[in-house]
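Down below is the structure, laid out as structure tokens.
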Amino acid sequence: MIRIYTFTYDGDAQEAVACVRCARTALPEAVVTVVDDSAAPVPPEARRALVAYGARYRRSSFPRCGNLRGPECVRGIIATLAKGAADGDTVVKIDSDTALLSGGWVREMKHNGLALHAAGYRVPRNPSERSAYGNCYALSGRAARMAAECAAIPPLAPEDLTICRAVMDVCGRERVRLDEPWTPLNRAGRWSWWNWDSRTANPEDYARSYDVVSVGNPRPPHVPKSARREVMRALCDARLNP
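Numbers 0 to 241, taken from numbering that gives the first Met the number 0, label the letters of the sequence shown in order.
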């Protein structure tokens, strides 16, 4: 079974709806769960839209410290990902401002023996060390449960780096795949961010070129926040109508 979780709140309500639509398009067989923030829940109309797109809806009470940080938040997230996951399951965590456009790499998790698959980068202070971007990553069910047992989490530790390192520690670095995202020097990268500074950025081109696209990167001052959901909708439309 493929289980997808997105953690959202009132400020990203419309992006969460677009995120669920993208995930259901890329992986229609997956069980998608939206985990809302009890301290700042999405409005009723957004909740209805999420359910209409086939998502399960629940709320969490752990503090999120602004951007999914801190021991309580990290433990809450990994416990959510691990709950009910069988060894052979694949568990995906995706930010609500991120569009999953292709499910192929997620489906491959059942066959490639990986414990974690994400986009990653070299740690500047230690080029031999690599860590993951948290906008979208997939774990085996077993890795999620094993990572949930890790107890040492520093104050304000970020969710993505903490969970990635926990999986590396308990499963081994050889079972972690971190793909380089697209850059001018790595044009084969299948993970990217929407280019808000480009006047020629095209949803059809992005939908053909990338598996995962985030719209959460900084926008120019003249671009409203509502443009994020519009781009995500356009990306999903482009996948549905290639």
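Don't be surprised by glycine CBs; every beta carbon is placed ideally from N, CA and C.
Taking the continuous alpha helix (DSSP H) assigned at residue i, which residues delimit it?
i    : result
W104 : G103 to R106
R47  : P43 to A51
Terminal residues of the continuous beta strand (DSSP E) containing residue i?
i    : result
R172 : Segment: none, R172 is in no beta strand (DSSP E) and carries neither H nor E.
S59  : R55 to S59
D35  : V30 to D36
T97  : T97 to L99
R2   : I1 to F6
Any idea which residues DSSP pairs residue i with across the strands?
i    : result
A165 : DSSP output for A165 lists no bridge partner at all.
C72  : Answer by DSSP bridge pairing: none, since C72 is not bridged.
G119 : A131
S191 : V212
D9   : BP columns for D9 are empty, so no partner.
V91  : I3 and A137
T182 : N185
P157 : R68
Where residue i and residue j are concerned, what is the direct C-alpha to C-alpha distance, given to the nearest angstrom?
i    : j    : result
L155 : P70  : 7 Å
D96  : R227 : 7 Å
A327 : M0   : Here the chain covers residues 0 to 241 and nothing more, so residue 327 does not appear.
E107 : I152 : 30 Å
G75  : V214 : 25 Å
How should residue i be labelled, buried or exposed, when 16 other C-beta atoms within 10 angstroms of its C-beta is the threshold for buried?
i    : result
A38  : exposed
A81  : buried
H221 : exposed
R168 : As written in the sequence, residue 168 is Asp, which differs from the Arg given in the question. Exposed, since its Cβ has fewer than 16 Cβ neighbours within 10 Å.
D204 : exposed
G133 : buried
V50  : exposed
Quick one: complete beta strand (DSSP E) runs, 3+ long, within the region 207-238?
Listed in chain order, the beta strand (DSSP E) runs fully inside the region 207-238 are 211-213, counting runs of at least 3 residues.
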